[in-house]
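Trainee: The listed protein sequences derive, respectively, from chains A and B. The first sequence: position 177 = 178 (my numbering), numbered continuously. The second sequence: position 109 = 110 (my numbering), numbered continuously. Mind having a look at this structure? Questions to follow.
Number of protein chains: 2
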Amino acid sequence: MPKLGMEPIRKAALVNATIVEIGRSGSLDVTVGQIARRAGMSTALAHHYFGSKEALFLAAMRHVLSLYGAEVRGALGVSAGPAQRLNAILRASFSPANFRADVVGAWLNFYVLAQTVPEARRLLNIYQRRLRSNLMDCLHSLAGTRAGAIADGLGALIDGVYLREALAAKPSDGAAAVQLVLAYLNAELSQGAANAG
Amino acid sequence: MPKLGMEPIRKAALVNATIVEIGRSGSLDVTVGQIARRAGMSTALAHHYFGSKEALFLAAMRHVLSLYGAEVRGALGVSAGPAQRLNAILRASFSPANFRADVVGAWLNFYVLAQTVPEARRLLNIYQRRLRSNLMDCLHSLAGTRAGAIADGLGALIDGVYLREALAAKPSDGAAAVQLVLAYLNAELSQGAANAG
DNA sequence: TTTTTTGTTGATTGACGAGTCAATAAACTT
DNA sequence: AAGTTTATTGACTCGTCAATCAACAAAAAA
């Protein structure tokens, strides 16, 4: 009994199921069958809506990245001043929605996907550039010419914390992650102040 | 014409070929056939010596980790004083032998392997613990009670730089990587000094 | 010299999985 | 009412790949 207008619902279900399955299994070797089953439909239907497994993976990546982007934008919207804005970016990066076992697992595997699939690489590059530019906006007034180097360090550190989280036995602790990155940031900033003074 | 004593030679060739193939293709989806061909033998022989693909992957991981470990030990052997020893660890981490496109690609995929294969996870945990303990030895005298936090940050930052390298378009620049991590380290240390003074 | 051990591979098996197809059914259009 | 579009799936094709096997060759041991 085909209800019309299923397409967006089915697609959303498949995208979610993809993230969950990749995260759960910790690998890109999930079958379309597994994903479709978790999303409550047949493999044929998954192919009907996405055409290929790769397209489904890319849609899942876009979804994760856009959720992250939205959360950062939301946090920035209510923050004034560079220091608070930096804080907002970090809190968004390690928010409960993003810093969750399955999402982190998916993230790691998206890095692997980017090794093979140009479009996946493009998406990750966009994410990295946007993060960098957000950081730079704040750092310019706080660290002057050292803003670029600090932004690079922060970006790598955030990714590294994610990577280690993917391997960690313990449950995620976003607050601790924010603290770790903030410690780095404060160290860099106070060193700049020391040099300037 | 079977020359005797081939086992270690064949095994070494297979391990190298595994690292190269995983790095080159950027994925664990390399076939035993590809690896065996690159190592100059048949698939059957690869199975004969390693028994399974998984065992071959694990051997490749052990090899990468042991090369890294040896390089760190070598560098530490000729370094005196905590600051120089920290420097040695970082230089070894980003040495031309380790910080190379295919090795970095393999490293990334070993993280993925660790999601599924307990033995792979164990090996990575050993690497992380050894790195941390090496860093702590140096940091204890330089940063006192903050040594633990700084070691965690350094570990995550090193992994993050590796991760970003796996995505980078440009050729590896180990010197730049060392500089970036050193900047972090100096910032943390000088902040400690500032706080102390 | 016979036997055993080591090295080596082509061919085969068996499983699995992506993507296609044909068919069914309900809803909208004309 | 007839035709079209959307939703849905079971069954199938086709390819791939890990792992096994049977066989052969040469060295070492007996």
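From the three backbone atoms N, C-alpha and C, an ideal C-beta is built for every residue, glycine too. Small disclaimer: the values here were computed from a predicted structure and weren't measured.
From Gly34(B) to Leu155(A), what does the alpha carbon distance come to, in whole angstroms?
Mentor: On the second sequence, residue 34(B) is found 33 positions in, with the first residue counted as 1. On the first sequence, residue 155(A) is found 154 positions in, with the first residue counted as 1. Going by the C-alpha atoms only, they are around 41 Å apart.
Trainee: Going residue by residue through the segment 4 to 80 of chain A, where are the continuous alpha helix (DSSP H) segments of at least 4 residues, counting only ones entirely within it?
Mentor: 8 to 26, 33 to 39, 44 to 51 and 54 to 78
Trainee: Output, in chain order, the set of chain A residues within a Cβ distance shorter than 8 Å of Tyr112(B).
Mentor: For the purposes of this step, residue 112(B) is taken as residue 111 along the second sequence, with counting starting at 1. Under the 8 Å cutoff, chain A gives Leu109, Leu164, Ala167 and Leu168.
Trainee: According to DSSP, simplified to helix, strand and coil, what is Asp174(B)?
Mentor: Within the second sequence, numbered from 1, the residue matching residue 174(B) stands at position 173. Taken through DSSP and simplified to helix, strand or coil, Asp174(B) comes out as coil.
Trainee: Quick one: using the 10 Å Cβ neighbour count with 16 as the cut-off for buried, is Ala197(A) buried or exposed?
Mentor: The residue given as residue 197(A) occupies position 196 in the first sequence. Any reading at Ala197(A) must be qualified, since the residue scores a pLDDT of 42, below 50, and its modelled position is unreliable; the value itself is stated next. The Cβ neighbour count for Ala197(A), taken over all protein chains shown within 10 Å, is under 16; the residue is labelled exposed.
Trainee: Would the segment 182 to 189 of chain B and the segment 177 to 191 of chain A be scored as touching if the rule is three or more Cβ pairs under 8 Å?
Mentor: yes
Trainee: When you compare the segment 62 to 71 of chain A with the segment 103 to 112 of chain A, are there three or more beta-carbon pairs, one atom per stretch, that lie closer than 8 Å?
Mentor: yes
Trainee: Using the three-state DSSP reduction, which class does Pro97(A) fall into: helix, strand or coil?
Mentor: Taking the first sequence and counting its residues from 1, one reaches residue 97(A) at position 96. Pro97(A): coil per DSSP, three-state reduction.
Trainee: Give the residues from the segment 119 to 140 of chain A that approach chain B closer than 9 Å (Cβ to any Cβ), ordered along the chain.
Mentor: Arg122, Leu125, Asn126 and Gln129
Trainee: In whole angstroms, give me the CA-to-CA distance for Ser53(A) and Met62(A).
Mentor: Here residue 53(A) refers to the residue found at position 52 of the first sequence. Here residue 62(A) refers to the residue found at position 61 of the first sequence. Between Ser53(A) and Met62(A), the C-alpha separation is close to 15 Å.
Trainee: For Gly82(B), report the span of its alpha helix (DSSP H) as first-last.
Mentor: Within the second sequence, numbered from 1, the residue matching residue 82(B) stands at position 81. Neither: Gly82(B) is in no alpha helix (DSSP H) and is coded neither H nor E.
Trainee: Against Leu181(A), what residues of chain B qualify as contacts under a CB-to-CB distance less than 8 Å, listed in chain order?
Mentor: For the purposes of this step, residue 181(A) is taken as residue 180 along the first sequence, with counting starting at 1. Near Leu181(A) (Cβ distances below 8 Å), the residues of chain B are Ala150, Asp153, Gly154 and Ala157.
Trainee: If contacts are defined as beta-carbon pairs under 8 Å, then Ala98(A) and Ile20(A) qualify, I think. What distance do you get, rounded to the angstrom?
Mentor: As a working mapping, residue 98(A) is identified with position 97 in the first sequence. As a working mapping, residue 20(A) is identified with position 19 in the first sequence. Not a contact, Cβ separation roughly 12 Å.
Trainee: Whole-angstrom Cβ separation of Leu57(A) and Leu15(A), contact assumed at under 8 Å?
Mentor: Here residue 57(A) refers to the residue found at position 56 of the first sequence. Here residue 15(A) refers to the residue found at position 14 of the first sequence. Rounded, the Cβ-Cβ distance is 6 Å, consistent with contact.
Trainee: Run through DSSP, which three-state label would Val105(B) get?
Mentor: As a first step, residue 105(B) must be located in the second sequence, where it is residue number 104. Looking at Val105(B) - three-state DSSP - the assignment turns out to be helix.
Trainee: Drop a sphere of 10 angstroms on the beta-carbon of Arg130(B), count the other beta-carbons inside from all chains shown, and report buried for 16 or more, exposed for fewer.
Mentor: The sequence position of residue 130(B) within the second sequence is 129, counting from 1. Counting Cβ neighbours within 10 Å, Arg130(B) comes out exposed, since fewer than 16 surround it.
Trainee: Which residue wins for smallest C-alpha separation from Ala72(A), given the options Leu136(A), Arg92(A), Thr32(A) and Ser173(A)?
Mentor: In the first sequence, residue 72(A) corresponds to position 71, counting from 1. Looking at the sequence itself, residue 72(A) is Glu, so the reference to Ala does not match. Among Leu136(A), Arg92(A), Thr32(A) and Ser173(A), the Cα nearest to that of Glu72(A) is on Arg92(A).
Trainee: In terms of residues, what are the limits of the alpha helix (DSSP H) holding Val149(A)?
Mentor: Numbered from 1 along the first sequence, position 148 holds the residue referred to as residue 149(A). Sequence inspection shows Gly at residue 149(A); the Val mentioned does not correspond to that position. Start and end: Ala148 to Leu168.
Trainee: What do you reckon, are the CB atoms on Ala40(A) and Ala76(A) nearer than 7 Å?
Mentor: The residue given as residue 40(A) occupies position 39 in the first sequence. The residue given as residue 76(A) occupies position 75 in the first sequence. Not a contact, by the Cβ cut-off of 7 Å.
Trainee: For Tyr69(A), return the contacting residues in chain B, with the cut-off set at a CB-CB distance below 7 Å.
Mentor: As a first step, residue 69(A) is located in the first sequence; it is residue number 68 there, counting from the start. Within chain B, not a single residue places a beta-carbon under 7 Å from that of Tyr69(A); the smallest gap is close to 16 Å.
Trainee: Going by C-alpha to C-alpha distance, which of Arg86(B), Met7(B), Leu29(B) and Val79(B) sits closest to Ala47(B)?
Mentor: On the second sequence, position 46 is the one that residue 47(B) refers to. It is Met7(B) whose Cα lies nearest to the Cα of Ala47(B).
Trainee: Label Gly24(A) either buried or exposed according to how many other C-beta atoms from any shown protein chain fall within 10 Å of its C-beta, with 16 as the threshold for buried.
Mentor: Position 23 of the first sequence, counted from the first residue, corresponds to residue 24(A). Buried is the call here.
Trainee: Helix, strand or coil for Val118(A), going by three-state DSSP, please let me know.
Mentor: The residue given as residue 118(A) occupies position 117 in the first sequence. Note: Val118(A) maps to coil in three-state DSSP.
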